[in-house]
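Beneath this line is the structure, given in structure tokens, with notes to follow.
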Amino acid sequence: MKLLFKLTGAFTTLLSSKSVLAEYTLNMTKGVTDISNDIWSLHMMVFWVCVAIGVVVFGAMFYSIIAHRKSKGAKAAHFHESTTVEFLWTGIPILILIAMAIPASKTLIDIEVLDKADMTIKVTGMQWKWQYDYPEEGISFVSNLAQSSRDVIKGTPEEREAVHQEGGYLLSVDKHLVVPVDTTIRFLITSNDVIHNWWVPAFGLKQDANPGFINDAWAKPNEIGTYRGQCAELCGKDHGFMPIVVDVVSKADYAVWVQAQQEEKVAEMESATQIWTEEDLVARGEVVYNANCSGCHQKDGKGIPGVFPAMVGSEVTNGPADYQLNLVINGMGGMPAFKMLSDSDLASVITYERRSFGNNGSVVQPSDVTSAR
Amino acid sequence: MSSTTTAAYDDHGHGPEKGLLRWVKTTNHKDIGTLYMWFAFSMLLIGGALAMGIRAELLQPGLQLFEPQFYNQLTTMHGLIMVFGAIMPAFVGLANWLIPMMVGAPDMALPRMNNWSFWILPFAGAILLSTFFMEGGAPAFGWTFYAPLSTTFAPDSTDFFIFAIHLLGFSSIMGAINIIATVLNMKAPEMRLMDMPLFVWTWLITSFLLIGAMPVLAGAVTMMLTDRNFGTAFFDATGGGDPVMFQHIFWFFGHPEVYIMILPAFGIISHIIPTFARKPLFGYSSMVYATASIAFLSYIVWAHHMFLTGMPVAGELYFMYATMLIAVPTGVKVFNWVATMWRGSMTFETPMLWSLAFVFLFTIGGFSGLMLGIAPADIQYHDTYFVVAHFHYVLVTGALWGIIAAVFYWLPKWTGRMYNEPLAKFHFWWSLISVNVTFFPQHFLGLAGMPRRIPDYALQFADFNFVSSIGAFSFGLSFLLFTYIVVDCIRNGKPADARPWASAKGLEWTLATPLAYHTFDVPPTRAEILAESQHS
Numbered sequence: 033m034k035l036l037f038k039l040t041g042a043f044t045t046l047l048s049s050k051s052v053l054a055e056y057t058l059n060m061t062k063g064v065t066d067i068s069n070d071i072w073s074l075h076m077m078v079f080w081v082c083v084a085i086g087v088v089v090f091g092a093m094f095y096s097i098i099a100h101r102k103s104k105g106a107k108a109a110h111f112h113e114s115t116t117v118e119f120l121w122t123g124i125p126i127l128i129l130i131a132m133a134i135p136a137s138k139t140l141i142d143i144e145v146l147d148k149a150d151m152t153i154k155v156t157g158m159q160w161k162w163q164y165d166y167p168e169e170g171i172s173f174v175s176n177l178a179q180s181s182r183d184v185i186k187g188t189p190e191e192r193e194a195v196h197q198e199g200g201y202l203l204s205v206d207k208h209l210v211v212p213v214d215t216t217i218r219f220l221i222t223s224n225d226v227i228h229n230w231w232v233p234a235f236g237l238k239q240d241a242n243p244g245f246i247n248d249a250w251a252k253p254n255e256i257g258t259y260r261g262q263c264a265e266l267c268g269k270d271h272g273f274m275p276i277v278v279d280v281v282s283k284a285d286y287a288v289w290v291q292a293q294q295e296e297k298v299a300e301m302e303s304a305t306q307i308w309t310e311e312d313l314v315a316r317g318e319v320v321y322n323a324n325c326s327g328c329h330q331k332d333g334k335g336i337p338g339v340f341p342a343m344v345g346s347e348v349t350n351g352p353a354d355y356q357l358n359l360v361i362n363g364m365g366g367m368p369a370f371k372m373l374s375d376s377d378l379a380s381v382i383t384y385e386r387r388s389f390g391n392n393g394s395v396v397q398p399s400d401v402t403s404a405r
Numbered sequence: 216m217s218s219t220t221t222a223a224y225d226d227h228g229h230g231p232e233k234g235l236l237r238w239v240k241t242t243n244h245k246d247i248g249t250l251y252m253w254f255a256f257s258m259l260l261i262g263g264a265l266a267m268g269i270r271a272e273l274l275q276p277g278l279q280l281f282e283p284q285f286y287n288q289l290t291t292m293h294g295l296i297m298v299f300g301a302i303m304p305a306f307v308g309l310a311n312w313l314i315p316m317m318v319g320a321p322d323m324a325l326p327r328m329n330n331w332s333f334w335i336l337p338f339a340g341a342i343l344l345s346t347f348f349m350e351g352g353a354p355a356f357g358w359t360f361y362a363p364l365s366t367t368f369a370p371d372s373t374d375f376f377i378f379a380i381h382l383l384g385f386s387s388i389m390g391a392i393n394i395i396a397t398v399l400n401m402k403a404p405e406m407r408l409m410d411m412p413l414f415v416w417t418w419l420i421t422s423f424l425l426i427g428a429m430p431v432l433a434g435a436v437t438m439m440l441t442d443r444n445f446g447t448a449f450f451d452a453t454g455g456g457d458p459v460m461f462q463h464i465f466w467f468f469g470h471p472e473v474y475i476m477i478l479p480a481f482g483i484i485s486h487i488i489p490t491f492a493r494k495p496l497f498g499y500s501s502m503v504y505a506t507a508s509i510a511f512l513s514y515i516v517w518a519h520h521m522f523l524t525g526m527p528v529a530g531e532l533y534f535m536y537a538t539m540l541i542a543v544p545t546g547v548k549v550f551n552w553v554a555t556m557w558r559g560s561m562t563f564e565t566p567m568l569w570s571l572a573f574v575f576l577f578t579i580g581g582f583s584g585l586m587l588g589i590a591p592a593d594i595q596y597h598d599t600y601f602v603v604a605h606f607h608y609v610l611v612t613g614a615l616w617g618i619i620a621a622v623f624y625w626l627p628k629w630t631g632r633m634y635n636e637p638l639a640k641f642h643f644w645w646s647l648i649s650v651n652v653t654f655f656p657q658h659f660l661g662l663a664g665m666p667r668r669i670p671d672y673a674l675q676f677a678d679f680n681f682v683s684s685i686g687a688f689s690f691g692l693s694f695l696l697f698t699y700i701v702v703d704c705i706r707n708g709k710p711a712d713a714r715p716w717a718s719a720k721g722l723e724w725t726l727a728t729p730l731a732y733h734t735f736d737v738p739p740t741r742a743e744i745l746a747e748s749q750h751s
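For the protein sequence lines, the chains are A and B, in the order given.
Take the first sequence: its letters are residues 33 to 405, numbered as in our numbering.
Take the second sequence: its letters are residues 216 to 751, numbered as in our numbering.
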């Protein structure tokens, strides 16, 4: 009965609510690259071919079901073989398939063959975030699921709706990938741990990130906007929580963004030479911890027994700092390396782990990280 | 063919042993068939219960019931249990029950091994299920268990999973050997290969697929085992291995595997449609050739599951073309079924309803399969709910539909009793509607961009997930009615005729009902075989 109420409720919602009804789609949507539009056309072409075949085959079947039934007095014929017919319905499908294979092959070759790219971005998947490197511009950052989404996963529907309106529940990140419009971008895609898959539907780009190997793919977005995607290969616990957000901006805006990133990097390196107070380290460490560590070790530091070790009362967080520094920077076993984080971030997060959760380890300064690297 | 002449065959001294030990010690193909069927059915209910958990979590956005790690355990175990515990054993059970009776043989060729192939299964199943209670939980890396998620990053219980897969593989291989030996050596001396009913043909071909594919799976899990415990690096790039190689090995098993789960269903449907269309099967020999072609092609298309792993373009083109080619023999089968119905004199008893739904819904799954085979389009479909919809259309409304059709078709022969027809028809319509409410919206979800194997989703996916979950709960519930119908048939059903479907052909219908414990002590004659053959 409760279920029935819910069902009726859902249908009323379907009929009345604009925000939800306006959004769901039945079909694939066109993208913002030529390739994604080629894929869309191919998809529609194959779909309509299937519909046409379906109409013929199911038409014959349902005609037969309606007309050739015993209750209508149908007498069974006895034919049961015809080589001609068998040849026909082997041959005609082959011709249809060849007609489909020609445009499919053309698109496939367009996707796979790229002569010259204007710029390169390296994408590294790791449990459960993406790292983006711009080797020529010297920019590097990690992109995590936005805290606003993370906070409401177990929240109320209203809270999720609010996050959804702001940009997308589970489809928002703390740092967007930024790329210029009308530029051919080569993506070098790899992984630090398990297999991930970097998928931006609007680019028609989906490529496995294999640990130890580099795949390449490319896109040339031709419309300014924000595009969202998700990891598309099961990569463990938080596979559902590592979205991708790409801002395609004008070339001028891109130049401004690059300069800002580079200045930020200088400031960051500057801050690493200072002596920080414990409060500052812990405050910043909490943010870094929640974004990078809480996925496994949990927000409360209790970990998951048998899979992810606890922070609380651990020998690592209460023991010598050198061991923990090495562990976090270089990784060990299932624990990934976090050397892509800045010295200040690493010092903060290690201090947070050593001074919170009831732990009593020593404070770690950015300079300790610098010398430990 | 009357029961009086065949009664002579059945006049044979001993019946089954008394008590529970009968089932432990039995070497009788009928008993073992029954064991397989009940085992498969219990696994279907367990796997189904896991699916209910999955759909309950996906009913609404947000995490309500399970942690993500446990959700991954649910999807992984649901897949493994349904594939290895429910569908495959159910088909072996049908083979045990039917093949000896269809080829006029007294039993399977290797009856003691038959006992062993079955009795491995409950232990393998128990080991697999026990991983839920281990520290770190059950395997959570998907039923495809891609390395290195299943090696370096997997819970300790993975070694138990590997052992269970090995056992299930032994069982399947022994079952396949037994079927090949039975069909080729035990069929009535007067029966030629092209006289064999299609269920026998499809199972013979399936057995060769099993023998080719299962050892490859055993190899894959053995390499996992040594990677995990003995310092090898087959799938670990840091030791010179390659995680993509795992996928090549897995899918070299995995693609034949999907045909292992559908070819016997093709055979079943090829029995039921002619019976209720009152017309011989159209294109018997082309059906045999099409089955063999599908089996051959199934070995050379595996990497269409791997279009996004970074294959060279030449490889992608080859696997795309080879995959598209499968549509041809599969199409031939569908066309032949429709031609069998054409100008027949059809009635719509329960087995026929399931078979017609099979033809319709399996073809829809075939269409989405063709779409997935187009490599560039697969970029957008890959690992989304479109794939989930596709393989549930071919495995639920394909393989499982075939099994249920077979159960209703042969139940009167197995039990000697008739099931409740109006109730069974009601159950059919209930299942048909709810299965489509469950899986059809998943096409839309996939095309809209919802990845598979995620415990929570963005809000634009909420509506269809809700609909899909409601459909799934209803579909799950329908199995309680199915259980009732079968149990009611066994206990209270009215006695069935030896040939309950007037126009059914096949040697199994020549046997007296209720069936004797041992049948066909004397092989059928050429005349009897021809009178019951599918192409006369």
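By construction, the Cβ of each residue, glycine as well, lies at the ideal position given by its N, Cα and C atoms.
- Going by C-alpha positions, I589 (chain B) is about 26 Å away from L432 (chain B).
- Close to S560 (chain B), with beta-carbon spacing below 7 Å, are these residues of chain A in chain order: H100, K102, A106, K107, A108.
- Under DSSP, H228 (chain A) forms a beta bridge with A:A241.
- DSSP, read as helix, strand or coil, puts V211 (chain A) in strand.
- Chain B has no Cβ within less than 9 Å of the Cβ of W308 (chain A).
- At least one CB of chain B lies nearer than 9 Å to the CB of V78 (chain A).
- The alpha-carbon separation between A305 (chain B) and M252 (chain B) amounts to approximately 5 Å.
- Residue environment for T734 (chain B): buried (at least 16 other C-beta atoms within 10 angstroms of its C-beta).
- Ranked by Cα distance from S649 (chain B), the first of B:A572, B:H381, B:G352 is B:A572.
- When rounded, the separation of the alpha-carbon atoms in H486 (chain B) and S103 (chain A) is 21 Å.
- Within chain A, the residues placing a beta-carbon under 9 Å from that of P370 (chain B) are G338, V339, ordered along the chain.
- Per DSSP, the continuous beta strand (DSSP E) segment holding G261 (chain A) begins and ends at 257-263.
- In the three-state scheme derived from DSSP, where H, G and I count as helix and E and B as strand, K709 (chain B) is classed as strand.
- Using a C-beta cut-off of 8 Å, the segment 366-380 of chain A makes no contact with the segment 387-401 of chain B, since fewer than three inter-stretch Cβ pairs fall below that distance.
- For the pair of segments examined, the segment 351-359 of chain B was found to touch the segment 288-297 of chain B: the number of CB pairs separated by less than 8 Å reaches three.
- Contact of H597 (chain B) with chain A is assigned, a C-beta pair being separated by under 9 Å.
- Here the alpha carbons of E350 (chain B) and L359 (chain A) stand approximately 24 Å from one another.
- Looking at A:G268, A:E190, A:M60, A:A287, the one whose alpha-carbon comes closest to that of V213 (chain A) is A:A287.
- In this model, H520 (chain B) and P321 (chain B) are separated by some 42 Å (Cα to Cα).
- Using a CB distance below 8 Å, the part of the segment 128-148 of chain A facing chain B consists of L129, M132, A133, A136, S137, T139, L140, I141, I143, E144, V145, ordered along the chain.
- Ranking B:R706, B:F285, B:F497 by CA distance to the CA of G631 (chain B) puts B:R706 first.
- Around the beta carbon of N242 (chain A), a 10 Å sphere encloses 16 or more other beta carbons of the protein chains shown; the residue is thus reported as buried.
- Against chain A, the CB of T242 (chain B) has no partner CB under 9 Å away; the residue lies outside that interface.
- At least one C-beta of chain B is nearer than 9 Å to the C-beta of V226 (chain A).
- Contact check for L478 (chain B) and T397 (chain B): beta-carbon distance about 17 Å, past the 8 Å limit, so the pair fails to qualify.
- According to the DSSP assignment, G482 (chain B) belongs to the alpha helix (DSSP H) that extends over 478-492.
- Just so you know, the alpha carbons of P670 (chain B) and I246 (chain A) end up roughly 29 Å apart.
- Distance between G268 (chain A) and R260 (chain A), taken at the CA atoms: about 21 Å.
- In this structure M401 (chain B) is in contact with V318 (chain B), their Cβ atoms being roughly 7 Å apart against a cut-off of 8 Å.
- P283 (chain B) places its beta carbon less than 9 Å from that of G272 (chain A).
- In this structure the segment 613-623 of chain B does not touch the segment 680-692 of chain B; the number of beta carbon pairs closer than 8 Å is below three.
- T57 (chain A) has a beta carbon lying within less than 9 Å of a beta carbon in chain B.
- Distance from the CA atom of G393 (chain A) to the CA atom of R387 (chain A), rounded to whole angstroms, is 6 Å.
- For L74 (chain A), the chain B residues whose Cβ falls inside 9 Å of its Cβ are I589, P591, A592, in order along the chain.
- Contact annotation: in the segment 253-273 of chain A, residues whose CB is within less than 9 Å of a CB in chain B are R260, G261, Q262, C263, A264, E265, L266, C267, G268, K269, D270, H271, G272, F273.
- For T447 (chain B), same chain residues with a beta-carbon under 6 Å away, outside a window of 5 residues either side, are T441 in chain order.
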